[in-house]
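Chemist: The structure under discussion is supplied below as structure tokens; questions concerning it will follow.
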Amino acid sequence: MGFFDKIKQGLAKTKQNMTISMNNLFSSFTGENEEFFDELEETLILADAGVETASRAVERLRQVTLERGLRGGAEVQAAFVEIMADMMRIGNLELKLDTRPSVILVVGVNGVGKTTTIGKLAGRFTDQGKKVLLCAADTFRAAAAEQLTVWADRAGCGIVRHEEGSDPAAVVFDSIAAARARGTDIIIVDTAGRLHNKQNLMNELSKIHRILGKELPEADIETLLVLDATTGQNGLLQAKSFQEAADLTGVVLTKLDGTAKGGIVFAIAGEMGIPVKYIGVGEQQDDLMPFDPTAFAEALLK
Numbered sequence: 005m006g007f008f009d010k011i012k013q014g015l016a017k018t019k020q021n022m023t024i025s026m027n028n029l030f031s032s033f034t035g036e037n038e039e040f041f042d043e044l045e046e047t048l049i050l051a052d053a054g055v056e057t058a059s060r061a062v063e064r065l066r067q068v069t070l071e072r073g074l075r076g077g078a079e080v081q082a083a084f085v086e087i088m089a090d091m092m093r094i095g096n097l098e099l100k101l102d103t104r105p106s107v108i109l110v111v112g113v114n115g116v117g118k119t120t121t122i123g124k125l126a127g128r129f130t131d132q133g134k135k136v137l138l139c140a141a142d143t144f145r146a147a148a149a150e151q152l153t154v155w156a157d158r159a160g161c162g163i164v165r166h167e168e169g170s171d172p173a174a175v176v177f178d179s180i181a182a183a184r185a186r187g188t189d190i191i192i193v194d195t196a197g198r199l200h201n202k203q204n205l206m207n208e209l210s211k212i213h214r215i216l217g218k219e220l221p222e223a224d225i226e227t228l229l230v231l232d233a234t235t236g237q238n239g240l241l242q243a244k245s246f247q248e249a250a251d252l253t254g255v256v257l258t259k260l261d262g263t264a265k266g267g268i269v270f271a272i273a274g275e276m277g278i279p280v281k282y283i284g285v286g287e288q289q290d291d292l293m294p295f296d297p298t299a300f301a302e303a304l305l306k
């Protein structure tokens with residue numbers, strides 16, 4: 005199955021939810037029609053694109069329609085796809101992992117698919133010939149290290165873990181030492197998913213960043229927030245909280261195949277200004293895919 009087809013399949017629930025209303029809207033376009041734009045904005049909001057993003061997108065479509073003199077529904081729909089794709093092109097969509105070692109800090113609340121995402125990333129990089137080391141710095145959740153160990157074995161990579169309740173920064177410190185000794189390319193750090201106590205989370209992440217800054221001052225560091233797409237606008241609230249606690253460089257949006265409101269992707273990029281770097285559209289290893297704004301917009305909106 006090709007890349008585009010896999011995205012279409014993964015977005016089937018969202019696409020089914022939006023297709024009828026979108027098709028009816030664009031086929032009924034007859035030029036200057038305020039009702040059309042109002043209905044389009046409402047459709048986006050109902051798909052979890054967010055009020056701010058929906059308003060900006062529709063206003064931009066108004067401008068483009070006028071500037072280009074668009075008259076046909078197909079032309080307007082194509083312009084709309086372009087606009088939505090462009091709104092998702094925020095920052096660097098690719099991971100910057102040029103140093104050896106580089107570090108990926110993975111954050112997110114429990115239950116969003118954080119450990120699974122780490123395992124899939126480890127498998128992806130290992131398949132590319134990279135030497136990967138997992139760091140089990142979520143020392144608070146019971147069995148977190150055991151679950152990560154299963155993924156490390158599956159990906160064929162190493163793991164550094166301590167006893168439950170240990171200092172997460174100490175695990176990171178030992179992981180850096182192990183990475184140096186083993187010639188590791190990428191360290192992937194699993195962090196605790198505690199959002200209910202933001203101050204503790206901020207303190208913990210700050211301590212980890214201090215260790216990284218001291219031990220690996222020149223290293224490329226990506227801080228990825230894993231969000232469950234099925235949580236909709238609640239995911240946007242999570243993103244805002246984690247943005248305050250961590251210097252996020254990107255988002256991994258999981259379980260897009262399980263929601264009928266995949267517009268949250270538009271909201272994350274449009275309202276948070278954070279690039280979506282990977283999307284998860286299934287359970288298999290290759291169902292975690294690098295995010296392509298154009299392919300996503302076309303698969304969902306055409």
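Take 5 as the starting number for the sequence shown in our numbering and just add one per residue. Backbone N, C-alpha and C fix where the C-beta goes; we use that ideal spot for every residue, glycine too.
1) Taking DSSP as the reference, what is the three-state secondary structure of Asp-232?
2) Whose C-beta lies closer than 6 Å to the C-beta of Pro-279 among residues of the same chain, with five residues either side of it excluded?
3) In angstroms with no decimal places, state the Cα-to-Cα distance between Glu-375 and Ala-148.
4) Rounding to the nearest angstrom, what Cα-Cα distance links Gly-236 and Asp-52 in this structure?
5) How about Glu-71: is its C-beta nearer than 8 Å to some C-beta of chain B?
6) If you run the structure through DSSP and keep just helix, strand and coil, what is Val-107?
7) Which one or two residues does DSSP pair with Met-92 in a beta bridge?
8) Of all the beta strand (DSSP E) runs that stay within the bounds of the region 115–167, which reach a length of 3 or more residues?
9) Should Val-68 and Phe-30 be called a contact, given that it needs their Cβ atoms to be closer than 8 Å?
10) Beta-carbon separation of Ala-243 and Leu-205 under 8 Å?
11) Helix or strand or just coil, what does DSSP make of Gly-187?
12) Rounded to a whole number of angstroms, what is the C-alpha to C-alpha distance between Arg-158 and Arg-104?
13) Can you name, in chain order, every residue of its own chain whose Cβ lies under 8 Å from the Cβ of Gly-169, other than the five neighbours on each side?
Modeler: To lay it out plainly:
1) Within the sequence shown, the letter at position 228 stands for residue 232. In this structure, Asp-232 counts as strand in the three-state DSSP scheme.
2) Here residue 279 refers to the residue found at position 275 of the sequence shown. Around Pro-279: Ile-94, Gly-95, Leu-97, Gly-254.
3) With the chain covering 5 to 306 only, the question about residue 375 has no answer from this structure.
4) Residue mapping note: residue 236 aligns to position 232 of the sequence shown, counting from 1. Residue mapping note: residue 52 aligns to position 48 of the sequence shown, counting from 1. CA-to-CA, the gap between Gly-236 and Asp-52 works out to about 6 Å.
5) Structure shown: chain B not included; a single protein chain is present.
6) By one-based count along the sequence shown, residue 107 stands at place 103. It is a strand residue.
7) By one-based count along the sequence shown, residue 92 stands at place 88. Answer is none; Met-92 lacks a bridge partner.
8) Every beta strand (DSSP E) of 3 residues or more that sits fully in the region 115–167 is shown, in chain order, as 136–140, 162–164.
9) Locating residue 68 in the sequence shown gives position 64, where the first residue counts as 1. Locating residue 30 in the sequence shown gives position 26, where the first residue counts as 1. Taking 8 Å as the Cβ cut-off, Val-68 and Phe-30 do not qualify as a contacting pair.
10) Locating residue 243 in the sequence shown gives position 239, where the first residue counts as 1. Locating residue 205 in the sequence shown gives position 201, where the first residue counts as 1. No, the pair does not count as a contact, with Cβ atoms beyond the cut-off.
11) Working through the sequence shown from its first residue, we reach residue 187 at position 183. Gly-187 falls in the coil class under three-state DSSP.
12) Sequence index remark: in the sequence shown, residue 158 carries index 154 (1-based). Sequence index remark: in the sequence shown, residue 104 carries index 100 (1-based). One C-alpha to the other measures close to 23 Å.
13) By 1-based counting over the sequence shown, the position of residue 169 is 165. Hits under 8 Å: Thr-143, Phe-144.
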